[in-house]
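The sequence shown maps to residues 1091 to 1504 in our numbering.
Every residue gets a Cβ at the ideal spot worked out from N, C-alpha and C, and that includes glycine.
Have a look at the structure below, then the notes.
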Amino acid sequence: MDSERITLLDGKRILLGVTGSIACYKAVDLASKLTQLGVQVDVIMTEAAQQFVTPLTFQAVTGRPVYTSMWTSGGGSLPTHVAHVGLAESADLLIVAPATANTLAKLAHGLADDLLAITALATTAPILISPAMDGHMYASLAVQENLAILQGRGVTLIEPETGRFASGLVGVGRFPETPKLIGAIRHRLGRSGALKGKNLVITAGGTREPLDPVRFITNRSSGKQGYALAQAAADAGAEVMLISAARGLTAPYGVQVIPVESAYQMQQTVLTHQAGADALIMAAAVADFRPRTISDQKIKKTSGNDPLTLHLEKNPDILLSVKERRRDLHRPRVVVGFAAESEDLIAHAREKLERKGLDLLVANDITAKDAGFDVDTNRVVILDARGGQEALELASKAHVAEHIIQRVAQLLGQ
Ligand code: CTP
């Protein structure tokens, strides 16, 4: 993850409760990354946490005082047990990471015997918990019942991972890596955004059209723009389904991914979900042609075909099939297409928007070095169905995605 500012996080105030687990050192990385992303991070450490990591470490990465006890001043003029009310009130979110079995029990039963416990009681901000403990402890009825109580009160559980513990045992209970934790924070903070309650279907990546068991035809699309759109839609509170032909990209937290290979599979998956979608964004680079036959066996160079001739046939146009069904379904309400062009950008793009019945078309000139396939930036022009045209400056794919999502939210709000 790069540390480019994320609109949803920039300027937010997050309370990070750190409790006594060997995973404390990973919470340092979380505090550091959040701070780099423009978040004001206030750390509250339990006494046990201080056995693993010193408050100075968190202070160094956050540039802020660290709160360690109810009875000492945290650097301000008020005693900490009074200051915590202010901390609790001004926070946008409280995340307890790592959360031990002991702290989960305290939170579930309303104990108020340390600074973190009283802050959790005093805050009205959303609370996230990221348990980290030995697998047998995590599976114990006591821990599971405490988690159920907390979730019943609206606390969000970040599921621990399966893996090897410091004890050498393997099981469920491992503390997740920072990107997953930040994903969970984004997901929780975005919940009340402009796309709250809306279902978005987004396609990404270049389809693969098989030729034989080992070969396929594809294109240079990386899927990065589609994944950035999925993240921006999730940040805006949407339920996102990502129909992905991309490889090697990590899906944003909370986004449902349906992996597909070919244009045909992508079409079938899009059509299956069309009726449930409020908006569809076709960011995928769909192969226009596929091999007419798929060989069951690997094509040998000694097969007698010299030179080898490939016969290609046309793939279905997914957006055209969506347009046809939309007449009866009236869904999705908003359809967005992309157009990668190497000449006459606007004229070709306008023609595509009209032919494919789109509400928005995002056009980019693939001859520009800093835009299009496989780079992290994009330079696009957004055309709309009313004849409007908006050229965006060169920006990261994340920022382009945020802008497109804002336009989708506006259209859905009309
Ligand atoms: N698209 C689609 N089905 C296809 C091909 C493309 O739904 N078989 C979608 C793409 O996801 C994109 C838009 O149509 O949102 C435009 O894609 P593009 O490849 O630029 O357009 P084509 O219709 O393939 O036109 P051409 O290749 O001739 O420029």
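Beta-carbon separation (whole angstroms), residue i vs residue j, contact threshold 8 Å
i: Q1315; j: N1192; result: No, Q1315 and N1192 are not in contact; Cβ-Cβ is about 45 Å, not under 8 Å.
i: T1094; j: A1488; result: First, the residue type needs correcting, since residue 1094 is Glu and not Thr in the sequence shown. Contact flag correct, Cβ pair sits at about 7 Å.
i: L1218; j: I1185; result: 4 Å
i: F1265; j: A1113; result: 4 Å
i: A1336; j: G1313; result: 3 Å
i: L1290; j: I1239; result: Rounded, the Cβ-Cβ distance is 33 Å, inconsistent with contact.
i: L1279; j: K1123; result: The Cβ separation is near 15 Å, so there is no contact.
i: R1276; j: L1099; result: 7 Å
i: V1330; j: V1345; result: 4 Å
i: P1145; j: M1135; result: 6 Å
i: I1408; j: S1432; result: I1408 to S1432, Cβ: 22 Å. No contact.
i: G1273; j: Y1343; result: 3 Å
i: L1400; j: P1381; result: 6 Å
i: T1268; j: D1119; result: 5 Å
i: S1207; j: K1288; result: According to the sequence as given, residue 1207 is Ala; it is not Ser. About 37 Å; that fails the 8 Å criterion.
i: S1311; j: A1375; result: 4 Å
i: L1127; j: A1187; result: Their Cβ separation, rounded to whole angstroms, is 16 Å, which puts L1127 and A1187 out of contact at 8 Å.
i: R1497; j: I1472; result: 6 Å
Residue from the options whose Cα sits closest to the Cα of residue i
i: D1474; options: A1212, H1493, V1426; result: V1426
i: D1325; options: A1377, G1153, I1494; result: I1494
i: A1328; options: L1285, A1353, P1342; result: L1285
i: L1301; options: E1351, I1239, F1255, M1356; result: E1351
i: A1429; options: I1275, P1188, F1463, H1401; result: F1463
i: A1320; options: T1308, R1305, V1347; result: V1347
i: E1483; options: I1208, A1491, I1371; result: A1491
i: D1434; options: A1453, G1503, A1375, N1405; result: A1453
i: K1116; options: P1221, I1456, V1465, I1371; result: P1221
i: D1418; options: P1216, Q1364, L1290; result: Q1364
i: A1367; options: A1294, D1132, S1159, H1420; result: H1420
i: G1200; options: R1243, M1160, H1277; result: R1243
i: R1254; options: P1269, G1280, D1224; result: D1224
i: R1423; options: L1502, L1194, F1306, L1197; result: L1502
i: A1323; options: D1132, I1333, H1438, I1292; result: I1292
i: A1294; options: A1377, K1270, P1269; result: A1377
i: A1499; options: L1450, L1177, Q1479; result: L1450
i: L1194; options: T1246, S1159, I1456, P1145; result: T1246
i: N1405; options: L1443, M1356, T1392, L1448; result: M1356
i: D1132; options: I1472, I1104, A1458, R1382; result: I1104
i: L1402; options: D1396, I1384, V1118, L1410; result: I1384
i: I1333; options: T1308, R1310, T1362, I1307; result: T1362
i: V1470; options: L1410, A1373, E1444; result: A1373
i: L1410; options: A1439, T1392, R1281, L1443; result: L1443
i: T1190; options: I1472, V1233, T1308, P1155; result: V1233
i: T1158; options: D1203, T1125, K1196, L1197; result: D1203
i: R1154; options: V1465, I1096, T1125; result: T1125
Residues bridged to residue i (per DSSP)
i: Q1504; result: Note: Q1504 sits in no beta bridge, so no partner.
i: P1221; result: A1189
i: I1134; result: G1107, Y1157
i: E1251; result: R1264
i: T1246; result: L1218
i: A1090; result: Here the chain comprises residues numbered 1091 to 1504, so residue 1090 is not present and cannot be evaluated.
i: L1290; result: V1330, A1369
i: S1486; result: T1467
i: G1258; result: DSSP output for G1258 lists no bridge partner at all.
i: A1491; result: Paired residue(s): none; A1491 is not in a bridge.
i: G1296; result: A1375
i: P1381; result: L1402
i: D1474; result: L1450
i: Q1479; result: L1473
i: D1302; result: R1305
i: L1183; result: I1104
i: V1425; result: L1370
Task: Any 3 or more C-beta pairs closer than 8 Å across the segment 1138 to 1158 and the segment 1105 to 1123 - done: A contact between stretches requires three or more CB pairs, one per stretch, nearer than 8 Å, and the segment 1138 to 1158 meets this requirement with the segment 1105 to 1123.
Open item on the list: Taking contact to mean 3 or more Cβ pairs, one atom from each stretch, closer than 8 Å, check whether the segment 1147 to 1155 and the segment 1173 to 1188 are in contact.
Closed with: Judged by pairs of C-beta atoms under 8 Å, the segment 1147 to 1155 does not touch the segment 1173 to 1188, as fewer than three such pairs exist.
TODO: With a floor of 3 residues, list each beta strand (DSSP E) that falls wholly inside the segment 1305 to 1368, ordered by position along the chain.
DONE: Qualifying beta strand (DSSP E) stretches, in chain order: 1305 to 1307, 1329 to 1334, 1346 to 1349.
- [ ] Could you tell me whether the segment 1408 to 1419 touches the segment 1379 to 1393, where touching means 3 or more Cβ pairs closer than 8 Å?
- [x] Because the criterion of three Cβ pairs below 8 Å is not met, the segment 1408 to 1419 and the segment 1379 to 1393 do not touch.
Task: Contact between the segment 1255 to 1268 and the segment 1220 to 1231 (3+ Cβ pairs under 8 Å) - done: A contact exists between the segment 1255 to 1268 and the segment 1220 to 1231.
Open item on the list: For the pair the segment 1283 to 1299 and the segment 1194 to 1214, tell me if three or more CB-CB distances fall below 8 Å.
Closed with: Output reads no: the segment 1194 to 1214 does not touch the segment 1283 to 1299.
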